[in-house]
Amino acid sequence: MTGLRGGLLFGGTEAIEPTGRDDLIANGIEPNGYHADDSDADEDHVYENPQTGERSLKRAASPTANGQHASKKPFTLGGRAAIPKRIVADYDSDDGRIISLKQQGYSDEYVAQKMIQEGRIRYVPKTVGSRWLRLRKALEQAESEKLDDELTDWHVDEDELLKKSYDAIEDKFEREVQKVIDRKWKEVSANLADRLHRKKYTAKSCQERLNGVQNGTALLPIEIDQNKEGRKQLRDNRIAAAKLHRAEQAAEAQRAEEERKQRLEDKKADAAEKERERITKVHEREDSKAEELRIKQEKAVDRERKRAMKKAATDQAKAEAEWEKKKRSADAALYAKYTGKRMPGAPRVRRAPATRRAPGGACRGGRRSRDDFVTLSEDEEDSVELSDEDEVETVDDESDAIEEGSSTVNAGSISSKSTPAKARKKATVTTKPKVTKETLLNPRSVMTSAELEVLLFERDLARRTGRETHPQMVARLNAADEDLSTTEISDLLSKFFDKGKGSKEAKTKRLQEHEAAKSAAGGNSVKATDLAFKKGYEGYKGEYSGLIEDEDEEMEG
Numbered sequence: 001m002t003g004l005r006g007g008l009l010f011g012g013t014e015a016i017e018p019t020g021r022d023d024l025i026a027n028g029i030e031p032n033g034y035h036a037d038d039s040d041a042d043e044d045h046v047y048e049n050p051q052t053g054e055r056s057l058k059r060a061a062s063p064t065a066n067g068q069h070a071s072k073k074p075f076t077l078g079g080r081a082a083i084p085k086r087i088v089a090d091y092d093s094d095d096g097r098i099i100s101l102k103q104q105g106y107s108d109e110y111v112a113q114k115m116i117q118e119g120r121i122r123y124v125p126k127t128v129g130s131r132w133l134r135l136r137k138a139l140e141q142a143e144s145e146k147l148d149d150e151l152t153d154w155h156v157d158e159d160e161l162l163k164k165s166y167d168a169i170e171d172k173f174e175r176e177v178q179k180v181i182d183r184k185w186k187e188v189s190a191n192l193a194d195r196l197h198r199k200k201y202t203a204k205s206c207q208e209r210l211n212g213v214q215n216g217t218a219l220l221p222i223e224i225d226q227n228k229e230g231r232k233q234l235r236d237n238r239i240a241a242a243k244l245h246r247a248e249q250a251a252e253a254q255r256a257e258e259e260r261k262q263r264l265e266d267k268k269a270d271a272a273e274k275e276r277e278r279i280t281k282v283h284e285r286e287d288s289k290a291e292e293l294r295i296k297q298e299k300a301v302d303r304e305r306k307r308a309m310k311k312a313a314t315d316q317a318k319a320e321a322e323w324e325k326k327k328r329s330a331d332a333a334l335y336a337k338y339t340g341k342r343m344p345g346a347p348r349v350r351r352a353p354a355t356r357r358a359p360g361g362a363c364r365g366g367r368r369s370r371d372d373f374v375t376l377s378e379d380e381e382d383s384v385e386l387s388d389e390d391e392v393e394t395v396d397d398e399s400d401a402i403e404e405g406s407s408t409v410n411a412g413s414i415s416s417k418s419t420p421a422k423a424r425k426k427a428t429v430t431t432k433p434k435v436t437k438e439t440l441l442n443p444r445s446v447m448t449s450a451e452l453e454v455l456l457f458e459r460d461l462a463r464r465t466g467r468e469t470h471p472q473m474v475a476r477l478n479a480a481d482e483d484l485s486t487t488e489i490s491d492l493l494s495k496f497f498d499k500g501k502g503s504k505e506a507k508t509k510r511l512q513e514h515e516a517a518k519s520a521a522g523g524n525s526v527k528a529t530d531l532a533f534k535k536g537y538e539g540y541k542g543e544y545s546g547l548i549e550d551e552d553e554e555m556e557g
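For the sequence shown, UniProt numbering begins at 1 and goes up steadily by one.
The structure is reproduced here in structure tokens:
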């Protein structure tokens, strides 16, 4: 047991020196004791022959998945084979090495591999762990026996530490002891009930009676007690005290229950208030996000409108430049046709290189005559036809037509009386929808101009121009609804989770109501049929101002 003293805590100690027991065993001085229970080797499986009943400790070769017997495992080099060895406090060098490595905190796998590398006994990791636990238990037992034999003296301040340790453990064991005592008296009461053939006394009464009998303070049995009145009064007082105690307990329980309910109600009220505050903050954030989205959409619509205006102006300029070019060519062709000369300033047109004079002509080979350069070919002259019938309808305000898109002119269309027939198309002129009483009562009338512009953008319609009023936008959307097919209206209704059932008029009406309800005014339950809304709506000024007056008269009547 060299090095045993001071190494019992198994943490951070130095490596344990060999005891010399291995040398004694090798010299035959000390027998190598062996017991079957001390074996650390892997458990051998017993195989039985079902035909002969014989048993064998040989391991059967296990077949592989394809039915073939697997080849033998290669021989493991290093270390010595594990042999049965008892666990004793007077350990040898192999066990000392296990103790040293485990005290340093190494894992079982590392210790097993380390011992193989050092040429020691070849243990598997599981055996290392179990052997370390048994070695530690043996060392602790040996250390305890040695301490008891030596009767170590107590030192200063150790008595106080001992008392604190006792108090810390005493509380735990007193609770356990009290549980055992309570269970003991319950069993005493049950055993007494079996002897009396009925339950008359509780565990508490049995304990109090037995303590009183042993202490000499117990009352006499009722049969031999001469003071009958005193016993009766004592019994009545005991019953009254028990009832009073029960009533006090019930009142205390009721008070505790009321306090618990009040705390629960206060907690629920606080939670409801916090939930209201949270919902309010959520609504504020949603409103803020909606406002930011609205501003963003307005900016996007404005950028798209400016982009469209710029593109339209660019296309118009290109069309005008192309028309001017063709006009100059046509003028030069007419001048050459009627005068036989090239128009001053007209561009020269070179003939194709394949054109040559016939043999014997004045011009041959690389020489070219004056006729090789003409202003326009005869085919081009024939294609030029000017007529007042080809006059294209003009738009009064070109910038308004570019912005609005309702009176659009194709890029190839030219506003001129002398446009060549092959170089221009008929201009498309679309009349603006007329504002009527029905369009004024359209549910979309409650929407703002910005909301209507967003709706125009979503419907892929022409953007609003500077001269288009709010009622005209509503009328244009109403006309666009009439041009939609039933399937297209159903697709638009699907965004509002509407199944799209009914006639086309009914579905159109529901679509308008859904879009109006989505607006800010619609969210406040404002409708286009409200008189207060009509009085402030710009559509009822001028031609339709009489509608408000008639409705006022009907309300007064």
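Quick reminder that beta carbons are idealized off the backbone N, C-alpha and C, glycines included.
Using a Cβ-Cβ cut-off of 6 Å (strictly less than) and excluding sequence neighbours within five positions of residue i, which residues of its own chain qualify?
i      : result
Ser449 : His470
Ile295 : none
Check for me: the alpha helix (DSSP H) holding residue i runs from which residue to which?
i           : result
Ser93       : Ser93 to Gln103
Pro471      : His470 to Asp483
Trp132      : Pro125 to Glu150
Glu320      : Lys228 to Thr339
Ser494      : Thr486 to Ser494
Trp185      : Glu158 to Leu196
residue 558 : Here the chain has residues from 1 to 557 only, and residue 558 is not among them.
Leu531      : Leu531 to Gly536
Thr439      : Lys437 to Leu440
Helix, strand or coil for residue i? Go by DSSP, reduced to three states.
i      : result
Ile222 : coil
Arg80  : strand
Ile121 : strand
Phe457 : helix
Gly522 : helix
Thr508 : helix
Gly502 : coil
His514 : helix
Thr465 : coil
Lys417 : A caution first: Lys417 carries a pLDDT of 38, below 50, which makes its placement in the model too unreliable to give a value.
Lys114 : helix
Ser445 : helix
Asp90  : coil
Tyr540 : helix
Ala450 : helix
Asp153 : coil
Spatial neighbours of residue i within its chain, please: CB distance less than 7 Å, with the 5 preceding and 5 following residues excluded, ordered by chain position.
i      : result
Ala516 : Pro443, Arg444, Val446, Met447 and Gly522
Leu101 : Val111 and Lys114
Cys206 : Trp185, Val188, Ser189 and Leu192
Taking Cβ positions, are residue i and residue j nearer each other than 8 Å?
i      : j      : result
Lys501 : Ile489 : no
Leu135 : Asp182 : no
Ala138 : Ile87  : yes
Leu455 : Leu477 : yes
Ala308 : Arg463 : yes
Ala480 : Lys434 : no
Ile83  : Trp132 : no
Ser494 : Glu451 : no
Ala203 : Val188 : yes
Thr529 : Leu441 : yes
Arg328 : Ala336 : no
Ile222 : Arg209 : no
Lys541 : Phe533 : no
Phe457 : Glu304 : yes
Report the CB separation of residue i from residue j in whole angstroms; it is logged as a contact under 8 Å.
i      : j      : result
Arg120 : Arg80  : 7 Å
Lys199 : Ala193 : 4 Å
Glu109 : Pro125 : 5 Å
Val282 : Glu453 : Between Glu453 and Val282 the Cβ distance is about 28 Å, and since that is not below 8 Å, they are no contact.
Asp491 : His514 : Actually they are not in contact, since the Cβ atoms of Asp491 and His514 sit about 13 Å apart, beyond 8 Å.
Asp225 : Leu219 : 7 Å
Excluding the five sequence neighbours on either side, which residues of its own chain have a C-beta within less than 8 Å of the C-beta of residue i, listed in chain order?
i      : result
Gly78  : Ile116, Gln117, Gly119 and Arg122
Glu538 : Thr469, His470 and Pro471
Glu482 : Thr508
Is the closest heavy atom of the ligand COA to the C-beta of residue i under 7 Å?
i      : result
Ala313 : No copy of the ligand COA appears in this structure; indeed no ligand is present at all.
Looking at chain C, is there any beta carbon in it that lies within less than 8 Å of the beta carbon of residue i?
i      : result
Lys184 : Among the chains in the structure shown there is no chain C, since it carries only a single protein chain.
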